[in-house]
Each structure stands twice: as C-alpha cells, then as structure tokens.
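Numbering (our numbering), first residue to last: 14 to 399. The C-beta atom is built at its ideal place from N, Cα and C for all residues, glycine as well. Here the structure is a predicted model, which means the values were calculated and not measured.
This is the structure in structure tokens:
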C-alpha cells in the first residue's frame, strides 16, 4: 500500500540524473552528462554575497525579491527589447525551475493541454502533469535545425490547448529561434488565444554571430507571455538558486501568491550576488561564453571527424550528435559507452521521443575532458562498426 498519489508514482525519474549518478560512482569516468558550468562563480559576485552576510543582511527579502534586483533585471532585459515594471511585473524565484513550476500551477489545470517542443528539457512534461494538465509534444527535427515550425504547432492544437512553452536556446539540441522563425508562431498563438511561457535561461549563451531574440518582444506578445530566466548558466551560479519571471502584472501576482505560500523568498545572499552580476559581471560572462564557444567548435568537429552527423548548436552548451549510423538505440549506446569507455552522456530520448537516435553531450566541461572523451567515443564507435 502507498499513500503517494498515483500521478506522482507514474512519473519517470530524470533520464539525466540516472547517468550522472552512475558516472559519479565510477572511477576515471568523464562526465558530459550534466548541464553545469565548470567555472566557479565569478569572485565579484561571491564577494557581494559575503559582504551582504557581513553586513547582517540575512533576513527574508520581500516575497517578490529585492527591489533593486528587480530593477536591475528590468534594465538587463532591455537588451532584448523587453520592458517591464519592477514593482508589478517581476518575481525573483528559486532558480528558473521554480518559475516554470509556478507558471504551470498558475496557468493550467485538469483538462488543459500544454504544448511542448520535443526534444526539450526533462522537467517540462512532468511539471505540467503535476499541475493537472496534459503535455502535448511538438516534434522538431535536425533538418529544421530543431526549430519549432508553425505547421507542427497548428497540427497539434486542440480546443483544450492553453499554453505553449518556448524553450530557446534549447536544451538538449542547442537550437535557437530567430525573430523570423517566431513571427509565424505568433500568428498561430493569436489565432488560438494561447499563453506562452518563454524559458530563456540560456539567452546569454549564443554563438556564431547570432543574437538571442525573445518571443515576448514581438508586437502583441508581451501581454500573453511570461519570460523566465536566471543566473545559473551564464553567471555560473547553479548552486545559488536565483531565477526570475517577468510578465503581465496579473500573471506575476498569481505566481507570486503561490511562491509566497511555498517558498517565501529566494535566498537573500544569492540575490545580492545576482545583483552584482547584473551590475558589473558583463566581462566575466563574456569570458565564459568565449570559452564555451571554443569548446563548442572542438566537440562538434570531433563528432563529425569520427563520422557522426552533428547539428551545429548555436545556443546553450550542448551538442546533439546523431548516433543512428551505429545501429544502436540511444540508451544502448549510452549504457555501453559508459561501461566500456567510462564516458557519461545522456540518451536523446530522455528529452522526448524525437530525441531517439541522438545523444546529448555537455561542453560545459574542460577542454581536456572534452578531447579525452572524444578519443574514447571514437574508439567505442570504431570497435562497434558493422
């Protein structure tokens, strides 16, 4: 007998954590499985947090977060042509993950459908399910650079469709969406009166001369979108757990109410560290992005040199090579690679059915680890050639 809700029992465990945990217990293993910067949080941010402690700033902040941080978030988002009111349209959250959960719980319930591009980050479907909604997956393809198309969106919409999730730059593919890509999506959104959740946690991590564009910056989309972001990825603050949500005042008020009862406020010292990052951290972020870009080039070319098709990721810090030519499923490939060569990656199908035949490799690891991992993967592929 169990007292646990069946809906929770039925949720699958994270396909990312499974291989990370296996790798952690294996001596000499190289892990490209977790999307976490290998950089330490820049010193200026750590110093700001330490200063806040030394000054006795250890109490709760307001539920919505430090006003000066919310104001700085508004200033920061102007670079993406987004304009928000700090007092009513911004909430500081415990990482972007809490913001995703809050948004689903405030916006959808039983009978509603959430439209989610596939492949995408593992948390979206389960969080939509726990909010009572039904996740509906929108296929994206390597031939389209893993962009969502208006045609695929239109084909999956039903009278129950309520929310569209736009997770770009994308985890796991590294795909991005341009203004021109979003414009036909916006027409479908208006036609069917959808609300849009934009998860833009990787907005700073864009390469190859591209620039991040926010869906909410399109005409008429700000009032029907919530933009989620945070400091974990670009600012190397994963363990600090500071994110934020920006959107229409009524939506922000609703998610703040849930946040108020469940969390109270994001960590105070983390908010001071994040504030310093926004004010003075541009140079540090630029250094990290440049380093990721170099690693990106090496890992993509490495997979291509060993004969695997590998889409060029333009955002985030993942590559998504196709392993169909090996004849193995994604899980078979990943499990055998881990056992034989002690390299941990994530099977593409952990991110949805469209990810079958691919593997996700994080290049937020040292160049030394990346080069050694590529050697081991090439040896594995050569050994299993048919």
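Can you tell me whether residue 238 is helix, strand or coil according to DSSP?
Looking up residue 238 in the chain shown gives position 225. In the structure shown, residue 238 adopts extended strand secondary structure according to DSSP, grouped into three states.
Grab the span of the beta strand (DSSP E) containing residue 126 for me, first residue to last.
On the chain shown, residue 126 is found 113 positions in, with the first residue counted as 1. For residue 126, the enclosing beta strand (DSSP E) covers residues 126-131.
Between residue 79 and the rest of its own chain, which residues show a CB-CB distance below 6 Å, the 5 nearest in sequence each way excluded?
Counted from its first residue, the chain shown places residue 79 at position 66. If we look at residue 79 and ignore the five residues flanking it on each side, its Cβ neighbours are 284.
Minimum length 3: unbroken beta strand (DSSP E) runs contained in the region 140-222
As summarised for the region 140-222, the continuous beta strand (DSSP E) elements at least 3 residues long and confined to that stretch are 147-152, 174-179, 208-212, given in chain order.
Tell me whether residue 171 is buried or exposed, calling it buried when 16 or more other Cβ atoms sit within 10 Å of its Cβ.
Numbered from 1 along the chain shown, position 158 holds the residue referred to as residue 171. By the 16-neighbour rule on beta-carbons within 10 angstroms, residue 171 is exposed.
Residue 71 burial status per 10 Å Cβ neighbour count (16 or more: buried)
Here the question's residue 71 lines up with position 58 in the chain shown. It is exposed - the Cβ of residue 71 has fewer than 16 other Cβ atoms within 10 Å.
Are the region 148-163 and the region 348-363 touching, with three or more C-beta to C-beta distances below 8 Å?
Counting Cβ pairs under 8 Å, fewer than three are found: no touch.
Tell me whether residue 258 sits in a helix, a strand or coil according to DSSP, three-state version.
Translated into positions along the chain shown, residue 258 becomes position 245. Correct three-state label for residue 258: strand.
Pull up the CB-CB distance for residue 330 and residue 48, whole angstroms please, since I reckon it's below 8 Å.
Residue mapping note: residue 330 aligns to position 317 of the chain shown, counting from 1. Residue mapping note: residue 48 aligns to position 35 of the chain shown, counting from 1. Yes, they are in contact, since the Cβ atoms of residue 330 and residue 48 sit about 7 Å apart, within 8 Å.
Cβ-based burial, residue 387 [other Cβ within 10 Å; buried from 16]
Along the chain shown, read from residue 1 onward, the residue named residue 387 stands at position 374. Within a 10 Å sphere around the beta-carbon of residue 387 sit 16 or more other beta-carbons, which makes this residue buried.
Below 8 Å on the Cβ atoms is my contact criterion, and I expect residue 120 with residue 176 to pass it. Report the Cβ-Cβ distance as a whole number of Å.
If you number the chain shown from 1, residue 120 lands on position 107. If you number the chain shown from 1, residue 176 lands on position 163. With a beta-carbon spacing of about 5 Å, residue 120 and residue 176 fall inside the 8 Å limit used to define contacts.
Residue nearest to residue 131 in terms of C-alpha spacing, selected from 155, 125, 218:
If you number the chain shown from 1, residue 131 lands on position 118. By alpha-carbon distance to residue 131, the top candidate from 155, 125, 218 is 155.
Could you check if residue 23 is buried or exposed, using at least 16 other CB atoms within 10 Å of its CB as the buried criterion?
Within the chain shown, residue 23 is the residue found at index 10, counting from 1. An exposed status is given to residue 23, since fewer than 16 other beta-carbon atoms sit within 10 Å of its beta-carbon.
Candidates 382, 364, 221, of which the one nearest residue 326 by Cα
To locate residue 326, count along the chain shown from 1; it is residue 313. Comparing Cα positions, the closest option is 221.
Quick check: the region 147-154 against the region 199-217, are there 3 or more CB pairs under 8 Å?
No: the two stretches stay apart, fewer than three of their Cβ pairs being nearer than 8 Å.
Grouping DSSP H, G and I as helix and E and B as strand, with all else coil, what is residue 281?
As a first step, residue 281 must be located in the chain shown, where it is residue number 268. Three-state result, residue 281: helix.
Sheet register partners of residue 360 (DSSP bridge)
Position 347 of the chain shown holds residue 360. Partner(s): 372.
Return the CA-CA distance between residue 353 and residue 111, expressed in angstroms with no decimal places.
Locating residue 353 in the chain shown gives position 340, counting from the first residue. Locating residue 111 in the chain shown gives position 98, counting from the first residue. Rounded to the nearest angstrom, the two C-alpha atoms are 37 Å apart.
DSSP three-state assignment for residue 339, whether helix, strand or coil:
Residue mapping note: residue 339 aligns to position 326 of the chain shown, counting from 1. Correct three-state label for residue 339: helix.
Reduced DSSP category for residue 48 - H, G, I as helix; E, B as strand; rest coil
On the chain shown, position 35 is the one that residue 48 refers to. In the structure shown, the three-state DSSP call for residue 48 is coil.
Going by the DSSP bridge assignment, what does residue 331 pair with across the sheet?
On the chain shown, residue 331 is found 318 positions in, with the first residue counted as 1. DSSP lists 375 as partners of residue 331.
Can you give me the C-alpha to C-alpha distance between residue 116 and residue 210, rounded to a whole angstrom?
Counting from one through the chain shown, the residue named residue 116 turns up at place 103. Counting from one through the chain shown, the residue named residue 210 turns up at place 197. The alpha-carbon atoms of residue 116 and residue 210 are separated by roughly 8 Å.
Out of 223, 253, 262, 146, which one is the CA nearest neighbour of residue 239?
Looking up residue 239 in the chain shown gives position 226. When only C-alpha atoms are compared, the closest one is 262.
With distances taken Cα to Cα, identify the nearest neighbour of residue 125 among 146, 64, 16.
Along the chain shown, read from residue 1 onward, the residue named residue 125 stands at position 112. Among 146, 64, 16, the Cα nearest to that of residue 125 belongs to 146.
Local Cβ density within 10 Å of residue 168, reported as buried at 16 or more and exposed below that:
As a working note, residue 168 is residue 155 in the chain shown. When all chains shown are included, residue 168 counts as exposed.
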